[in-house]
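Asks: Protein chains in written order, with the numbering used here: chain A, 466 to 1095; chain B, 2 to 392. Using N, Cα and C, we set each Cβ at its ideal position, and we do this for glycine too. Since this is a predicted model, take the numbers as computed values, not measurements. The structure follows.
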Amino acid sequence: MKTRRVVSVLALSVLLIASMSLVAFGEYNESPVLQELVKSGQLPPVAERLPKEPAVIEPIDEIGQYGGTWERAWTGPSDRSGLDRLTSSTIIECTLDGQDVQPSLAKGWDICDEAKVFTYYLREGLRWSDGAPFTADDIMFWYYDVALNDQLSPGRLGWAAVQGEQGTLEKIDDYTVRFVFAHPNPIFPQRLAWGNEQYMPKHYLKQFHMDYGDAAQIEEMARLAGFDNWQNAFHAKADWLVNLELPSMRPWIPVTSATESRHRMVRNPYFWKVDPEGNQLPYIDEVVHTLAESAEVINLMGLAGDLDMQVRHMSLVNYPSFMANRERGGYRVVTWRPALAADPGITLNLTHRDEGLREIINNVMFRRALSVAIDREEINELMFYGLGVPRAATVPSSSPHFVPEFEQMYAQFDRDQANAWLDEAGLAKRDSEGFRLRPDGKRLEITIDTISYVGPWIEVGELVAEYWNEVGVRTQLRVLERSLFFARVNANEIDASAWSIDWSLHLLVTPRRYVPQSPNGSRFAPAIGTWLATGGTSGEPPWGDLEKVLDLYEEAIVTADAIKRESLVREILRINAENVWTIGTVGETPSTLGIGIVKDYFKNVPNDAVSEGILSTPANTQPAQYYMIP
Amino acid sequence: MFFTQNPEDNLAINDRQKELLEEEVDETEEQFYYATQWQLMWWNFRKHRLAVGCGILILFMYLMVLVPEFIAPYEPSTRNRRYANAPPQRVRLVSDQGFHFRPFVYDLTQEIDPETLQRNYVLDKSTIKPIRFFVRGVDYKLWGLIPSNIHLFGVDDGMLFLFGTDRLGRDMFTRVIYAARISMSIGLIGVFLSFVLGLTLGGISGYLGGRVDNIIQRIMEIIRSFPQIPLWMALSAAIPPHWSPVRTYFAITVILSVIGWTNLARQVRSKIISLKNEDFVVAAQLSGTSETRIVTRHLIPSFMSHIIAVITLAIPTMILAETSLSFLGIGLRPPVVSWGVLLQQSQNLYALTQAPWLMIPGLFVVVYVLAFSFLGDGLRDAADPYGGMKR
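See the structure below:
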């Protein structure tokens, strides 16, 4: 198995190299803006700025044209993840459909020794935006001097560790790095493609680092810049949106402060991706983010045709307005597919503090009954214009782990069945108002907690509460402020919650929705998440099927054999589906990062793409190859 | 002018003076000087036409929210898939067949634009739905006691949406009426409690002075020195989690008023201190009037206008602020229907572009708040009966 994987990867690399040699080397083209600079001697020629083998990006529709200013909007520095994602540049990256990873800064890789050793081959001649060479030292610097430096990063780097043992990183030569783990770590490539920082410009940042520079001088510098200590000063210097001097590998680099009303990013002259004809990417010269007061304002700007292309913040509820206004606004509307299992899903607290309620919630018949009591078609029609998929909360169809059979399990609306199952679950007795009584004689009451969000969680929560009231389970919805919600979850003080079941594309990379592994992310068993997070000092130890999926997950993440690993993941999904730990509603809805405004002159934007945090969408659609017809 | 605020207590006026007066004043003026405080206020208030009108309007609104189940044709949570996001229906008298004596509406047919997914509603002119009064509809229990199913108005079969519907197809008219019940009652209970506490304790403190004053003032200072946010957070943790949002909000307003009375109490106290050595108070004391009577009949009425101003300002603030406590999980949030909640739901692009009728609750808040302001204005003028007297 191992050899087969290595062979396939090597074959892929060879293929890529072969395809790259087709590019007429030495005849690269560049933006006219840069040509001017080359002519005036301010920049070296394009062939010297590009690596020996640039990454070749196949454009979505056609070869583009240079130039243009891409108008976007954001809500300010708190909304930075939109910019982080847009310009994300990683060692390896996710494919458009999110199923696999592809070369990026690394042109290829080897995986050997039962997925314990990962060797990445960097492109030779990569350069930072200031022209300095990008080498293995920059990755070594980030790993050992920043990410694993006790003073700079007190928490360990969880995603580069297996079973608590940190991986080691070796520099083989200037263009080769090797991650070595004590145990098999087959999901490491997915984690690497997702990670946001995996390298840092050593040549620039070492002057601010205690281990490299003069201690007194660094402290003095930090103090003068207004920081308490050198660590904070270093983090600020290493932040690409804060420090405009920071050398970068991103397609566009900022030239204005993040607090400006028009935040400008200009093209990186050393960007290392080209199209198949040897045109250096990105096509677009400049990206401008206008500061907007709120997401509502951004929607209004989109409607007015003031944005060239934007998916972030565009709200599904405005879809008909966007569509009706297409001609006047001069744009089209794209609908991407967020990898959402449910929007939102309802989780009942299996580790509830109240013994009586806990016993009821832990009865699988009760959870199945509540699931079939929900009219998902109606939710889809009323809240999502029918654009979602009424389904159970298993992984979305865009996931490599998707099993069609689990999608509709206990997801058919059937009120009579729900009532029958509830009666069977020992809840047949009702009070004078028609609500069911618990075996201990009290009225069965459930509160669903949620927050106010872009997605219609409140409305869907209201509907679910009504469906459950209709089968005699007294349910009310409570809308909390976000941090109060999490405080309640962490304290194990919730009955049920309504929250989107996101992070469900790659179950092993982000298992929280299916494995009770996170105290506030796995809301079907918060006390178990707390137990695991605190090393057993609080919360409660896992039991029953919850323990079983934890064991399966622990086994799967160290199983190098892909087929065996997949069968373990499916077992986790089967247990989830049968237990209905999370009650699904409508999934794959384009309510967040789902619909986008694209101007008619703005090209190479895919009509269909999988949208997910783990893929840094829109990074998986390669924004560097978007172009604008002048 | 040697008359005091309250003529009926002017026992010290000697007969000669009285005779002189009687010579001068005609009958109506005589009536004026011998009228009680309340009569004076009423006469003055009556002159303030706008205030009277607003008073009647407010009375009418309260009558309406007393029986929302009867006034509203549906229940606030009744959803209707076929009429999601429907515009308000126009009440008509003329159809293709001519004039109708009974107002009617046309039924609406939903059409979903396959491309934009916009829900459009077309009038179904073949169906004339006459609006009838006292129709039978959803069952309800008035005040939890009287079971009934008679609603003030409605159509026989089909639906009637005077203010349109929201995204779930819930009747906005019904929701506005039910929302009024919560917004016009619960928030005001807090204002009322603050008023009673502030007036009583401030009055006692100012009038008695000395040790009692000292104790009350120190208690007030302790209460005022509590930092509010941590206190609210502690309260939000203390309130049982299974309480309904309305009950929680009620508890919070009561607790807030227990803390919030100190402001008014201070104002009342200082007013009383400044007034208690005035001649008319001394006169009342000398003529053996009891202390309670002096405070309630002589002191408080003399600064009633000030108190009315404070309260009329507090009421709109309370209504507009009902949702702001939500950040601690103790304010009003959906599924509760209150004016604040309905307004919050209409503050977006969606309401503006696709469902402007969702903003109708705003109209009600404006009317209610303005009506209260004008009423307060009239009351304030009336409470100062000699203020406008030009002699």
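#1: Check for me: the alpha helix (DSSP H) holding B/Glu222 runs from which residue to which?
#2: Mapping DSSP to helix, strand and coil, what is A/Ala571?
#3: Looking at A/Ser837: is its Cβ nearer than 8 Å to the Cβ of A/Gln877?
#4: DSSP beta-bridge partners for A/Gln941?
#5: Please list the partners that B/Trp118 has in chain A, where partner means a Cβ-to-Cβ separation under 8 Å.
#6: Can you tell me whether DSSP reads B/Tyr63 as helix, strand or coil?
#7: With a Cβ-Cβ cutoff of 8 Å, do A/Asn418 and A/Tyr979 count as a contact?
#8: Chain A partners of B/Gln355, CB-CB under 7 Å?
#9: On the CB-based measure, 16 or more other CB atoms within 10 Å of its CB, does B/Leu146 come out buried or exposed?
#10: State the Cα-Cα distance for the pair A/Asp914 and A/Thr1050, rounded to the nearest angstrom.
#11: For chain B, find out if any of its Cβ atoms is closer than 8 Å to the Cβ of A/Glu824; answer yes or no.
#12: Leaving out five residues before and five after A/Ile825 in sequence, what residues of the same chain have Cβ atoms less than 6 Å from its Cβ?
#13: According to DSSP, which residues form a beta bridge with B/Thr142?
#14: With the cut-off set at 8 Å, would you say A/Ile966 and A/Leu835 are in Cβ contact?
#15: Report back the beta-carbon spacing between A/Ile749 and A/Tyr1092 to the nearest angstrom; my notes put them in contact at under 8 Å.
#16: Distance cutoff 8 Å, beta carbons only. Does A/Val471 sit that close to anything in chain B?
#17: Can you tell which of B/Ser206, B/Tyr208, B/Ile260 has the C-alpha that lies nearest to the C-alpha of B/Ile223?
#18: Residues of the segment 1019 to 1037 of chain A in Cβ contact with chain E at a cutoff of 7 Å, in chain order, please.
#19: In angstroms, rounded to a whole number, what distance separates the CA positions of B/Phe46 and B/Ala372?
#20: Please list, in chain order, the chain B residues whose beta carbon lies closer than 7 Å to that of A/Asn764.
#21: Threshold first: 4 residues or longer. Then list the alpha helix (DSSP H) segments lying entirely within the segment 656 to 736 of chain A, N to C.
#22: Checking contacts by CB at 8 Å: is B/Pro74 closer than that to chain A?
#23: Give the C-beta separation of B/Phe304 and B/Lys277 to the nearest angstrom, bearing in mind that I take them to be a contact with Cβ-Cβ under 8 Å.
#24: When the distance is taken between beta carbons, is B/Tyr351 closer than 8 Å to A/Asn790?
#25: Return the CA-CA distance between A/Leu1080 and A/Leu772, expressed in angstroms with no decimal places.
#26: Quick one: measure Cβ to Cβ for B/Thr318 and B/Ser374, integer angstroms, because I've assumed they're closer than 8 Å.
#27: Which residue marks the beginning of the beta strand (DSSP E) containing A/Asp638, and which one marks its end?
#28: Could you give the DSSP three-state label for A/Gln877: helix, strand or coil?
#29: Taking 8 Å as the threshold (C-beta atoms), are B/Asp125 and B/Leu109 in contact?
#30: Run the CB neighbour count on A/Gly691, radius 10 Å, all protein chains shown included, and call it buried at 16 or more, exposed below.
#31: Cβ of A/Val980 versus every heavy atom of the ligand ADP: is any distance shorter than 7 Å?
#32: Scan the segment 67 to 94 of chain B for residues whose Cβ lies nearer than 7 Å to a Cβ of chain A and list them as they occur along the chain.
#33: Is it the case that the segment 838 to 854 of chain A contacts the segment 1008 to 1015 of chain A, given that we only count it when at least three CB pairs across the two stretches are under 8 Å?
#34: Pop quiz: A/Ile583 and A/Met774 are said to be a contact at Cβ under 8 Å. What is the actual Cβ separation, rounded to whole angstroms?
#35: For A/Leu570, is the classification buried or exposed, using 16 other Cβ atoms within 10 angstroms of its Cβ as the cut-off for buried?
#36: Given 8 Å as the limit, is there contact between the segment 1084 to 1091 of chain A and the segment 553 to 561 of chain A, that is, 3 or more CB pairs closer than that?
Replies: Inspection of the coordinates gives the following:
#1: 211 to 225
#2: strand
#3: The displayed chain sequence assigns Val, not Ser, to residue 837 of chain A. Yes, these two residues count as a Cβ contact at 8 Å.
#4: Partner residues in the beta bridge of A/Gln941, as assigned by DSSP, are A/Thr912.
#5: The question names Trp, yet the displayed sequence has Leu at residue 118 of chain B. Correct list: Tyr784, Pro785, Met788, Tyr850, Gly851, Leu852.
#6: helix
#7: Nothing about residue 418 of chain A can be reported from this structure: the residues present for chain A run from 466 to 1095 only.
#8: Pro785, Ser786, listed in chain order.
#9: exposed
#10: The C-alpha of A/Asp914 lies about 16 Å from the C-alpha of A/Thr1050.
#11: no
#12: Around A/Ile825, the same chain offers Phe831 as residues with beta carbons nearer than 6 Å, after the five sequence neighbours per side are excluded.
#13: The residue asked about is misnamed: residue 142 of chain B is Lys in this sequence, not Thr. Per DSSP, B/Pro148.
#14: Pairing A/Ile966 with A/Leu835 gives a Cβ-Cβ distance that is not under 8 Å.
#15: 6 Å
#16: For A/Val471, the predicted model reports a pLDDT of 47, less than 50, meaning its position is unreliable and no value from the coordinates is stated.
#17: B/Ile260
#18: The chain inventory of the structure shown lacks chain E, comprising the protein chains A and B.
#19: 15 Å
#20: Leu350
#21: 667 to 670, 680 to 689, 695 to 702
#22: At least 8 Å separates the CB of B/Pro74 from every CB of chain A.
#23: Contact flag wrong, Cβ pair sits at about 12 Å.
#24: no
#25: Cα to Cα, the separation comes out at about 23 Å.
#26: Contact doesn't hold; Cβ gap of about 12 Å is too wide.
#27: 633 to 638
#28: Coil at A/Gln877, not helix or strand.
#29: yes
#30: exposed
#31: For the structure depicted, the ligand ADP is absent and the ligand set is empty, with no information on it obtainable.
#32: Residues passing the 7 Å Cβ filter: Ser78, Arg82, Ala85.
#33: Segments in contact, no.
#34: In the sequence as presented, Ile is not what sits at residue 583 of chain A; that position holds Phe. In fact, because the Cβ distance is near 35 Å, the residues do not count as touching under 8 Å.
#35: A/Leu570 is classed as buried because its beta carbon has at least 16 other beta carbons within 10 Å across all chains shown.
#36: As far as the Cβ criterion goes, the segment 1084 to 1091 of chain A touches the segment 553 to 561 of chain A, which means the pair count is three or higher.
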